[in-house]
Every structure is written in C-alpha cells, then in structure tokens.
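Heads up, my numbering is the position in the sequence shown plus 749, with the first residue counted as 1.
Here is the structure we will look at, set down as structure tokens.
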Amino acid sequence: MPQYNPPLRDMQFVLHELLHAVDELKLLPAHAEIDEDTINAVLEEGGKFASEVLTPINLSGDQEGCTLDKTTHEVKAPKGFKEAYAQYVEGGWPALSCDPEYGGQGLPVLVNQFMYEMMNSANQAWTMYPGLSHGAYEALHAHGTPEQKSTYLPKLTSGVWTGTMCLTEPHCGTDLGLLRSKAEPQADGSYKITGQKIFISAGEHDLAENIIHLVLARLPDAPQGSKGISLFVVPKFNVKADGSLGERNPVYCGGLEHKMGIHGNATAQIVLDGAVGTLVGQPHKGLQAMFVMMNAARLGVGNQSLGLTEVAYQNAVVYAKDRIQMRALSGPKSPDKPADPIIVHPDVRKMLLTARAFAEGGRALSAYTALQLDKALSSDDADERKACEDEVALLTPIIKAFISDNAWIATSHCMQVYGGHGYIHEWGMEQFVRDSRINMTYEGTNTVQSLDLLGRKILGNNGATLKKFGKKIAEFVEEEGTSEAMQEFINPLADIGDKVTKLTTEIGMKAFQNPDEVGAAAVDYLRVVGHLCFAYMWARMAKLALEKKDGGDPFYTAKLATARFYFAKLLPETASLIRTARAGLNPLMEMDEALF
Ligand SMILES: Cc1cc2nc3c(=O)[nH]c(=O)nc-3n(C[C@H](O)[C@H](O)[C@H](O)COP(=O)(O)OP(=O)(O)OC[C@H]3O[C@@H](n4cnc5c(N)ncnc54)[C@H](O)[C@@H]3O)c2cc1C
750 MPQYNPPLRD MQFVLHELLH AVDELKLLPA HAEIDEDTIN AVLEEGGKFA SEVLTPINLS
810 GDQEGCTLDK TTHEVKAPKG FKEAYAQYVE GGWPALSCDP EYGGQGLPVL VNQFMYEMMN
870 SANQAWTMYP GLSHGAYEAL HAHGTPEQKS TYLPKLTSGV WTGTMCLTEP HCGTDLGLLR
930 SKAEPQADGS YKITGQKIFI SAGEHDLAEN IIHLVLARLP DAPQGSKGIS LFVVPKFNVK
990 ADGSLGERNP VYCGGLEHKM GIHGNATAQI VLDGAVGTLV GQPHKGLQAM FVMMNAARLG
1050 VGNQSLGLTE VAYQNAVVYA KDRIQMRALS GPKSPDKPAD PIIVHPDVRK MLLTARAFAE
1110 GGRALSAYTA LQLDKALSSD DADERKACED EVALLTPIIK AFISDNAWIA TSHCMQVYGG
1170 HGYIHEWGME QFVRDSRINM TYEGTNTVQS LDLLGRKILG NNGATLKKFG KKIAEFVEEE
1230 GTSEAMQEFI NPLADIGDKV TKLTTEIGMK AFQNPDEVGA AAVDYLRVVG HLCFAYMWAR
1290 MAKLALEKKD GGDPFYTAKL ATARFYFAKL LPETASLIRT ARAGLNPLME MDEALF
C-alpha cells in the first residue's frame, strides 16, 4: 500500500523563503496577527490527519466504492470515510479559512491550500466531500442573502453539512446555456425546482446530516442561453426557522456513475422533483454567482493534481531505491548485490525528476496564486485587490489545466517506475493514474481552460493582465541578469518570456482573420504559458538554492539539481509546442467532416 509523508519542509520553503508569506499576509488587516509558528503547527497537524487518517482508507475506498440503496436513495461511502469525516469535523478543519463571523478560524487561503494538497495526496476521493462544501460555502458567502448566510454558512463552516455544485445535465456540460432544469416561483418567495443533473460529485452520501445543493436552473421568463440561468440553494432536508432539520426535500440520487477513478467519491445522478429552493443572487445572473464556486473548484483541481503528483513521486522513489534490476551501463553501482537498484538508470531518474519538478513547481505556483487570492480578498487597497484579482483570474486556467496535464504525465511515469507491478492494483500506483485522469476533464475540460486563457483572459483584454505578470518576470530577469551563476536559469526564462509575447501577438493577428485560430492554438498555448510560469518559479527557487547550498543542508542541493533538470529537460518542450501552435488552423480543418 502506498505511503505518504507530508512534504512539510518544501511547504515551509515555499511559504517562508520563496514567498515571505507571513510578511505579505501581515499587511492584510484580516491576517495582521498571523505568524510562522502558527502556520507551521497547523500544517504539521494537518499532515498527520492526512497521512494517518486518510491515506489508510485510500486504496480500500477505491476498491469498495460507494453504494446506493435504490429504495431509500441513500448512498454509503466506503468503509472508514464517515469516521474520517467525523474526525475532520471534530478537529475543526473545515473552518480553517472560513469567515470568523460564521464560526471560521479566518486563516489565509494559502494555509488551506497546503492543507488540501496534503489531503489530496492522501485521498483525493475523500477530499472531494469537504472540497465541494468549501466551494459552496464560498459561493454563498459571496452571493447569499443575509438569511441564506445565517442558515447555511455556520453549518458548512463547521462541516456538519456538506455542499455540492449541480450544473451538468445529460445533454449539457461545457455549454451550460443549454440547461433545462426549471424553477417555478412560489407564493412564499421560494421556488420549486424540477430537472435532472448528472455527474454531481459528493451528490449523496452518509458523511453529513444534510447536503446543500447549489443548483443552476431557469426561471419561467428566462432568456435563452447562458443569460437565462439562475442559481438556487436546495437543501436535502429543508431547514426550519430554528435551524433544525425539517422534512426531506424531493432531491434524490437516482443512480451512481461507474467510473474510471475516484471511486470513493459518489458521482451522483440527481433528480429534482419539485424540490424547494431559494434564489441566490439576481435572477438570470446565476452563472456569474456560480463562477465563484467554479473558480475555487478550478484552483482545487490544480491542487488535487499537485497532491497526486507528490504522492506518486514519493512512492516511486522508495521503489526505485529498493528494486534491483540490471547493472548501470557505466558499471555496477552496488557490487555487493546481484543487480543495481533501478534508480541508477538514467531514464528512471528522468521519470522521477519529471514528477518531482512538476510537484515542486506546481506547489510554488499554486501557493503564489493562493497568496494573490488572499490579497484580492483582504487587502485594504482597492487597486491592489483589483490587480491581484486579475492575476488570479489569469493564473486559474493555467493552474487547473497545466498542473492536471502534468499530473497525468507524472503519475503515469511513476507507475512506469514500478514496471509491471505499477499496473497491479495492490501497489496503488495505477489508482493515482486513474484518479488523476478526471482532473483534466471536470470543472471545464482542459481545452475549455485553454480557450478561457487565450480567448478571454489574454486576447479579451489585449494581453493587459499577461503584460503585468510579464513585467514581474522581466523585473526578476533584470535583477538577476548580471549574476553569472544565474545565467543558466535567467537566459531561458527571458527567452520563453519573449517567445510568449511573440506567439500571443501572432495568434491575436490570425484570430482577427478567423476566430477559429484561437481554438487551433489554445491548448498548446496554455502549455507554453504554463511553462513560463514554472520557469519563473523555478528560477526564483534556483536563486535561493544557489545562495544557501553551501550551508550544508542537502535540501538546497536537491532543489538546485531539480531546477537544473527542469530547465534542461522539461522547459525545452515549449519549442515543439510553439511550432505546433504556429502551425495554425489549416491542418485541422482541411479534411472534410464526411471523410472522418
Ligand atoms: C467524475 C465526474 C465528476 C463531476 N463532478 C461534477 C460536479 O460536481 N458538478 C457538475 O455540475 N458537473 C460535474 N461533472 C461534469 C463535468 O464538469 C463535465 O463532464 C465537463 O465539464 C465536460 O462536460 P461534458 O461531459 O458534457 O462534455 P462536453 O461538453 O459534451 O464536451 C465533449 C468534448 O468536446 C469538447 N468541447 C466542447 N466544447 C468545445 C469548444 N467550444 N471547443 C473545443 N472543444 C470543445 C470538450 O472539451 C470535450 O472534449 C463531473 C464529471 C465527472 C466525470
């Protein structure tokens, strides 16, 4: 069974050395009292919860899956999930970064980000139950009425109730403008909602006493398309005026999906049969309100992917040091043994280092983004809030898609390190591959993320936000440009920065002639910009490692070697991506549809 050791040292490096997070957070009124020891202590405890409570039920949860009782419509999560959730609630973990007004602990998003990384490493399927709840909390916190907030937020904060996100219907996933669920206004101001939702994560389960569904539906007078969608909060059990549970609302689980991975999470078909709900935000503006939850979920998917990359890497390293096969080409490295451990073989190292560079780069970028999110939420300077909001909006599709694509590559490499054993269930490696695959698809496929990045976030504002982000990189290049030791990192960083600028302009020009050019280039383009972000993070980490490596701490020696590996072996992928992005639309559209 796979093991998991929370990477606390690397988290502390990112927090305290790379980002100087405490100094930055202290400037925000909401976090003026934060200190390094508190953050470290929370993460240490959180790591214990992840590795001691969640890891042991990951493989078994995958094997057992969830079960639906078709008569009662109740769903049971795998053995141990309910008890682990009770422990999670008991420990106050759901409240970590929630608003103190509703019982939260008010810690930064950044701390929650690391907590979730560890839980995702330990057990992605389990972590989706609280993860979806936290997204529902955020949407209601941003858009709920005072009554909705006082009814739902304290219970979502404590974790006594969980939440879901009900968007997808059988005929509509990406294109939510097609959705058909209906909301009929009632005399008392509530709505009766009827329709069918599919693929609803954590849609029904036995972990919590109530489930709060956030449901997209159409009002009777709704305009066609995405401008006619409203958001409703629909509890599994109606809530009485005194906050206690009332009668069962007709919102049922009609079936569970049999899926490739994340078996421990109930992916539910949800039937709404005149279920009572209340409107969240303005009529027909539900999609905007839901975007709060969707953006949180997109960052969450990046974090799921980071978690899986890390845990797959950790286990593959242990295996590669233990498994002996063949001799090193340059001669025996363990002459006392009948063969060398496979970690001596260059290609095994390449697979391990790929996963490691993706994990550490992903951690740095995700933490950087979470810190910008804290500033966007809590700065008392409106300009800073806006600038950080824009940067988070730019980075969100990159985190979602680049880190999940990387996780698919990394978990697959780590499985390969195990040879045939990686393909066998008991080792747990094939589960990481299967679990990671969904991250590229849900919460808007990675194609959709790339269209959002290139079409909306970059070309949509003439590259203004990208330029601002690019300016930060250019400043770093300028500062470090004269350091000889940094040349191996600064030169390729500056080069990829220039290439992104040129590529963006070129696609922008082509898109004037034919908007389909955006669709032809977007996926490759996102990966190139993802590498720009990683190269920026890795160059900054390399600078610290160069400064500190002579102090004798092997952590910095390893960091520097991984940075070198990233620049030498992974970043060059951008050359071919730029070529394919530039190859444009014609090779894709030349063939008539009938010839497929
Ligand atoms: C395990 C699981 C859990 C999920 N959890 C939830 C949940 O909790 N709540 C929820 O509401 N939904 C959930 N989903 C649904 C998920 O978000 C959708 O499956 C996803 O958004 C894609 O929608 P779709 O499956 O209908 O695919 P489609 O929209 O039919 O897309 C099919 C293909 O066409 C591509 N495509 C579509 N439009 C374009 C375009 N304009 N340009 C280029 N390519 C395009 C897509 O990228 C995709 O490759 C979940 C799904 C799964 C499998």
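Cβ atoms here follow ideal geometry from the backbone N, Cα and C, with glycine treated the same way.
Could you check whether the Cβ of Met-1258 sits closer than 6 Å to any heavy atom belonging to ligand 1?
No, the beta carbon of Met-1258 sits no closer than 6 Å to any heavy atom of ligand 1.
Are Pro-895 and Tyr-851 touching if we call contact CB-CB under 7 Å?
Cβ distance not < 7 Å, so Pro-895 and Tyr-851 don't count as in contact.
Taking Ala-966 as the reference, give the member of Gly-1030, Ile-1239, Thr-1145 with the closest Cα.
Just measuring C-alpha positions, the residue of Gly-1030, Ile-1239, Thr-1145 sitting nearest Ala-966 is Gly-1030.
Rounded to whole angstroms, what is the Cα-Cα separation between Val-1041 and Glu-1237?
Taking the Cα positions, Val-1041 is about 40 Å away from Glu-1237.
Quick check on Thr-1196: does DSSP put it in helix, strand or coil?
In the structure shown, Thr-1196 sits in a helix (DSSP, three-state: H, G or I).
With C-beta atoms as the reference, is Val-1060 less than 7 Å away from Ser-939?
no
Whole angstroms are fine: how far does the CA of Lys-1149 sit from the CA of Ala-1307?
Rounded to whole angstroms, Ala-1307 to Lys-1149 spans 27 Å at the Cα level.
For Ala-1271, does the count of other Cβ atoms within 10 angstroms reach 16, so buried, or fall short, so exposed?
buried
Take Pro-972 as the anchor and find which of Val-1000, Lys-1034, Ala-1015, Ala-936 has the nearest alpha-carbon.
Lys-1034
For Glu-918, which three-state DSSP category applies?
strand
Are there 16 or more other CB atoms within 10 angstroms of the CB of Tyr-1172, so buried, or fewer, so exposed?
exposed
Taking only the alpha-carbon atoms, compute the straight-line gap between Met-1100 and Ala-1015 and give it to the nearest angstrom.
32 Å
Counting only the same chain and skipping the five closest in sequence on each side, list residues whose C-beta sits under 6 Å from that of Leu-808.
Met-750, Gly-1177
Let's test the definition: count the other Cβ atoms within 10 Å of the Cβ of Glu-1179 and tell me whether it reaches 16, buried, or not, exposed.
buried
Report all residues from its chain with a CB closer than 7 Å to the CB of Gly-1212; omit the five preceding and five following residues, and keep chain order.
Contacts found: Thr-1253.
Rounded C-beta distance between Ala-1017 and Leu-1028? I'm assuming under 8 Å.
Actually they are not in contact, since the Cβ atoms of Ala-1017 and Leu-1028 sit about 23 Å apart, beyond 8 Å.
Roughly how many whole angstroms lie between the Cα atoms of Lys-775 and Ala-1116?
Rounded to the nearest angstrom, the two C-alpha atoms are 16 Å apart.
DSSP state of Cys-1002, grouped into three classes?
Residue state, collapsed to three classes: strand.
Should Ile-1019 and Lys-946 be called a contact, given that it needs their Cβ atoms to be closer than 7 Å?
yes
Does Asp-1184 pass the burial test, meaning 16 or more other C-beta atoms within 10 Å, or should it be called exposed?
Burial is judged here by how many other beta carbons sit within 10 angstroms of a residue's own beta carbon; Asp-1184 has at least 16 and is buried.
Could you check whether the Cβ of Leu-808 sits closer than 6 Å to any heavy atom belonging to ligand 1?
no
Rounded to whole angstroms, how far is the Cβ of Leu-845 from the Cβ of Asn-861, which I believe are closer than 8 Å?
Between Leu-845 and Asn-861, the beta carbon gap of about 5 Å places them in contact (Cβ cut-off 8 Å).
Label Lys-1124 either buried or exposed according to how many other C-beta atoms from any shown protein chain fall within 10 Å of its C-beta, with 16 as the threshold for buried.
buried
Where does Gly-1301 sit, in a helix, a strand or coil, going by DSSP?
Here Gly-1301 carries a coil assignment [DSSP, helix/strand/coil].
Would the beta-carbon of Leu-916 be found less than 6 Å away from any heavy atom of ligand 1?
yes
First and last residue of the alpha helix (DSSP H) that includes Tyr-1062?
1035-1071
Helix, strand or coil for Asn-987 per DSSP?
Asn-987: strand per DSSP, three-state reduction.
May I ask you to check if the CB of Phe-948 is nearer than 6 Å to at least one heavy atom of ligand 1?
yes
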